[in-house]
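Using my numbering, the letters of the sequence shown correspond one by one to residues 19 to 279.
One structure is given here, and the rest of the page talks about it.
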Amino acid sequence: MSVTELLGIEDEVLRELVESRWDSWLEVMPALAVVAEPRHLLEWRVTASPEDANAALVGLAQLAAADGYDDRDAALVLAWLVLPAALRVRRELGWIPGPVDQSLAAALWVEVRTVPWRRPVRVAARILWRLRDAVRADLNVPIRGNVPDLPMESLPEPNVPPVPDEPSGELESVLDWALESEVITGTDRGLLDCLLSAIRDMDAAGASPRANTVAGLAGDRVAGVVAAQLGVHPRSVRRRTARVLAALQTNVPRYLNEVAA
Numbered sequence: 019m020s021v022t023e024l025l026g027i028e029d030e031v032l033r034e035l036v037e038s039r040w041d042s043w044l045e046v047m048p049a050l051a052v053v054a055e056p057r058h059l060l061e062w063r064v065t066a067s068p069e070d071a072n073a074a075l076v077g078l079a080q081l082a083a084a085d086g087y088d089d090r091d092a093a094l095v096l097a098w099l100v101l102p103a104a105l106r107v108r109r110e111l112g113w114i115p116g117p118v119d120q121s122l123a124a125a126l127w128v129e130v131r132t133v134p135w136r137r138p139v140r141v142a143a144r145i146l147w148r149l150r151d152a153v154r155a156d157l158n159v160p161i162r163g164n165v166p167d168l169p170m171e172s173l174p175e176p177n178v179p180p181v182p183d184e185p186s187g188e189l190e191s192v193l194d195w196a197l198e199s200e201v202i203t204g205t206d207r208g209l210l211d212c213l214l215s216a217i218r219d220m221d222a223a224g225a226s227p228r229a230n231t232v233a234g235l236a237g238d239r240v241a242g243v244v245a246a247q248l249g250v251h252p253r254s255v256r257r258r259t260a261r262v263l264a265a266l267q268t269n270v271p272r273y274l275n276e277v278a279a
C-alpha cells in the first residue's frame, strides 16, 4: 500500500472534512482566518504567502497535537497538506530496502501529532526534515553519513560565498526555508549537517577548522573528515558544498523578502 492509502487520504473526502469542521476550528484557532475558502485549502496552501501558509499550518498543528487540542481530524488534514513534501521524501529514500511506505506513513502521523506549536516553527520544513531521519532510524539506516548522490565529479567548482561562523538559529531558519522551498535537497541539508557537526567536533578538539575557507565549511580538513565518513572523495564534498552554498547565497534576497521581512 502507498503512503496515501495507508493514511486514508483522499482529496474529496478531506475537502468535505475541512468544510464540516472548519467553523468549529476557527472558533478556537483564529489564525485559520487567513484561509478565505476552506474547501480549496489544498490549492490555497500552494499559492498563499509563506507567512500565511505557515500560520495556517501552525494553527492546524496546535489542533492536531496530542498536547494541544488532540483533534485527529485536524491531524489528518495537516498530513494531507504536507503530503506532497512527504512523497518527495519517499522518492529520495527509494534506494533504502525495506517497507519505506509503511515507515513513512507512520512517521508522518507521529510528526503531525507532535509539532512543537508553542514556539516559532516552520511546520512543513520541520516535518519534512524529521521524516527523513525517522524513516532512516526505523529501517536501521544511518541518519547521518549516508548520502548516496554525493559523488558529482563533473560539477564545475563555483565561487564559494561566505556563510555564518556559527550554526545559529537564523541559519537553521534559512536552511529550513531553503529545504521547504526546494532551494536545496534533503541530501544537501544532510551534507551541511555533517559539515557543521565536523566543525564543532574539530573546534572542541582545538583543531580550528575555521582557519580554512568559508568558516571551515569548504575547507580541506573538514571536507576530508566528512568524505571519510561518507566514503567519497574530498573533492566531491568540496564541490557539493560550494554548489549548495552558492544556491543559498543566490536565494538570500528571496528568503529576506518571503520570510525575514
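Even glycine gets a Cβ: it sits at the ideal position worked out from N, Cα and C.
**OP:** Could you check which residue in A125, L157, Y87 has the C-alpha nearest to that of V100?
**Re:** Here residue 100 refers to the residue found at position 82 when the sequence shown is read from its first residue. Closest option to V100, Cα to Cα, is A125.
**OP:** With DSSP as the reference, label A251 as helix, strand or coil.
**Re:** Position 233 of the sequence shown holds residue 251. Here the sequence assigns His to residue 251, which means Ala is not the residue at that position. Coil.
Subject >> Contact under 8 Å by Cβ, V130 with A97 >> reply: Against the sequence shown, residue 130 aligns to sequence position 112. Against the sequence shown, residue 97 aligns to sequence position 79. Yes, Cβ-Cβ distance for V130 and A97 is below 8 Å.
Subject >> Contact check, L149 vs A93, beta carbons under 8 Å >> reply: Taking the sequence shown and counting its residues from 1, one reaches residue 149 at position 131. Taking the sequence shown and counting its residues from 1, one reaches residue 93 at position 75. Contact: no.
Original post:
How far does the alpha helix (DSSP H) with E129 in it reach, from first residue to last?
Top reply: Position 111 of the sequence shown, counted from the start, is the residue given in the question as residue 129. 118-130 is the span of the alpha helix (DSSP H), which, as asked, contains E129.
**OP:** Pull up the distance between the alpha-carbon of L78 and that of D41, whole angstroms please.
**Re:** Within the sequence shown, numbered from 1, the residue matching residue 78 stands at position 60. Within the sequence shown, numbered from 1, the residue matching residue 41 stands at position 23. Approximately 13 Å between the Cα atoms of the pair.
Original post:
Given that a residue counts as buried once 16 or more other Cβ atoms are within 10 Å of its Cβ, and exposed if not, what is M365?
Top reply: Not covered by the structure: residue 365. The range shown for the chain is 19 to 279.
**OP:** Would you check if the region 199-208 and the region 260-268 touch, i.e. whether three or more CB-CB distances between them fall below 8 Å?
**Re:** yes
Original post:
In angstroms, rounded to a whole number, what distance separates the CA positions of V201 and N269?
Top reply: To locate residue 201, count along the sequence shown from 1; it is residue 183. To locate residue 269, count along the sequence shown from 1; it is residue 251. Cα to Cα, the separation comes out at about 8 Å.
**OP:** Would you mind sorting A82 into buried or exposed? The rule is 16 or more other CB atoms within 10 Å of its CB.
**Re:** In the sequence shown, residue 82 corresponds to position 64, counting from 1. Burial call: buried.
Original post:
If V128 and L32 are in contact, beta carbons under 8 Å, what's the gap, nearest whole angstrom?
Top reply: Stepping through the sequence shown from its first residue, residue 128 is reached at position 110. Stepping through the sequence shown from its first residue, residue 32 is reached at position 14. About 19 Å; that fails the 8 Å criterion.
Original post:
Three-state secondary structure (DSSP) at G242?
Top reply: Mapped onto the sequence shown, residue 242 falls at position 224. Of the three classes helix, strand and coil, the one that applies to G242 here is helix, per DSSP.
Original post:
Going straight from the alpha carbon of V232 to that of D151, what length do you get?
Top reply: As a first step, residue 232 must be located in the sequence shown, where it is residue number 214. As a first step, residue 151 must be located in the sequence shown, where it is residue number 133. A caution first: V232 carries a pLDDT of 46, below 50, which makes its placement in the model unreliable, though a value can still be read off. Going by the C-alpha atoms only, they are around 27 Å apart.
Subject >> L146 beta carbon less than 8 Å from that of V107 >> reply: Along the sequence shown, one-based indexing puts residue 107 at 89. Along the sequence shown, one-based indexing puts residue 146 at 128. In contact: V107 and L146 (Cβ atoms closer than 8 Å).
Subject >> Which listed residue (L122, R137, R144) has its alpha carbon closest to that of V192 >> reply: Position 174 of the sequence shown holds residue 192. Of the candidates L122, R137, R144, the one whose C-alpha sits nearest the C-alpha of V192 is R144.
Subject >> Boundaries of the alpha helix (DSSP H) in which V107 is found, first to last residue >> reply: Your numbering for residue 107 matches position 89 in the sequence shown. Element bounds for V107: 90-110.
Original post:
With distances taken between CB atoms, is the gap from G116 to L59 smaller than 8 Å?
Top reply: What you label residue 116 is simply residue 98 of the sequence shown in a count that begins at 1. What you label residue 59 is simply residue 41 of the sequence shown in a count that begins at 1. It is not a contact, given that the beta carbons lie outside the stated cut-off.
Original post:
Got a sec? Which residues, its chain only, sit under 6 Å from D29 by beta carbon, not counting five neighbours each side?
Top reply: Translated into the one-based positions of the sequence shown, residue 29 becomes position 11. Same-chain partners within the cutoff: there are none.
**OP:** Specify the secondary structure class of G77 as computed by DSSP and reduced to three states.
**Re:** Taking the sequence shown and counting its residues from 1, the one referred to as residue 77 is at position 59. Correct three-state label for G77: helix.
Original post:
Do you know how far the Cα of D211 is from the Cα of V250?
Top reply: By one-based count along the sequence shown, residue 250 stands at place 232. By one-based count along the sequence shown, residue 211 stands at place 193. Between V250 and D211, the C-alpha separation is close to 16 Å.
**OP:** Have a look at E198 and A142 and give me their C-alpha separation to the nearest angstrom.
**Re:** What you label residue 198 is simply residue 180 of the sequence shown in a count that begins at 1. What you label residue 142 is simply residue 124 of the sequence shown in a count that begins at 1. Cα to Cα, E198 sits roughly 7 Å from A142.
Subject >> Exposure of P138, with buried meaning 16 or more beta-carbon neighbours within 10 Å >> reply: As a first step, residue 138 must be located in the sequence shown, where it is residue number 120. Exposed.
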